[in-house]
Amino acid sequence: MQVRRTVIQCRNLIFHFAPDPHNALRGFFFAHVGWLLTRKHPDIFIKGRTLNISDLIEDPVIRFQRKYYPLLYIAFCFLLPTLLCHYLIGHTWFDSLLVGSFGRYIVSLHCTWFVNSAAHMWGDRPYKKDCEPRENTWVSIATWGEGFHNFHHVFPYDYAISEMGLKVDPMRWFIDLMAQVGQVWGRKRASQYVVNSARGKNL
Ligand SMILES: [Zn+2]
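In structure tokens form, the structure reads like this:
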């Protein structure tokens, strides 16, 4: 998917080179959420300005999302979950707001942050041992497949971020579904030969 590809490019350029904004070598708390509480390193702004995000800017869906972000944020992050919780499950308005909206948001934020923290600290490194990110099944379950992080850092151009057929990656399934309806094209994969070679060299 175009968006995911560009996001991956951004992450490769900024996040995988010094200074990593959520560097797990600075400890779990910093990698998980502490980086949001500190000022960004000046080099992050310098690196950020070198990124080519013209494909994102030209995308009408991205432009729509950016233009109406505050409205969409309130509608889909707070309003819709509260309404669903109240009308579908039958909770009170207060409980729906507290659990269905705020609670759901807190859980999803932590699941996302685990990719920067837990998936950089605990798990196997089958593709590159001297690469800090790991394959963390629990993070993958919590994030719909984003926890296969050793693979992702070693093969950042691979849209599936895991070995086809061996791993559960619902995000990849969604991208594949979008490809079927013409919303996604140009999916790149690391060849099995390249993956096997990396794994062999890593033994
Ligand atoms: Zn990472």
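Residue numbers (the numbering used here): 411 to 613.
We put the CB at the ideal spot given by N, CA and C, even for glycine.
The structure presented is a predicted model; accordingly, all values stated were derived computationally and were not measured.
Assumed close pair residue i, residue j - CB separation to whole angstroms, cut-off 8 angstroms
i	j	result
H434	N526	Looking at the sequence shown, residue 434 is not His but Ala. With 8 angstroms as the limit, A434 and N526 qualify as a contact, their Cβ atoms being about 7 angstroms apart.
Burial state of residue i (16 or more Cβ within 10 Å)
i	result
R544	buried
F474	exposed
G596	exposed
First through last residue of the alpha helix (DSSP H) which encompasses residue i
i	result
I472	P470 to K477
H563	H559 to V564
P580	P580 to Q590
D453	P452 to R459
N526	R514 to N526
R609	Q602 to K611
A552	T547 to A552
L493	L490 to L494
Pairwise C-alpha distance: residue j and residue i
i	j	result
L447	Y603	42 angstroms
K539	A600	18 angstroms
C495	P480	22 angstroms
M531	H442	11 angstroms
L507	F524	24 angstroms
V631	D453	An answer regarding residue 631 cannot be provided, because it is not within the stretch 411 to 613 covered by the chain.
CB of residue i within 8 angstroms of CB of residue j, strictly
i	j	result
G536	N612	The amino acid occupying residue 536 in the given sequence is Pro; Gly does not appear at that position. Yes, these two residues count as a Cβ contact at 8 angstroms.
G555	M581	yes
S550	F561	no
heavy atom of ligand 2 below 7 angstroms from residue i C-beta
i	result
H501	Questions concerning ligand 2 fall outside what the structure shown contains, since the ligands it does hold are ligand 1.
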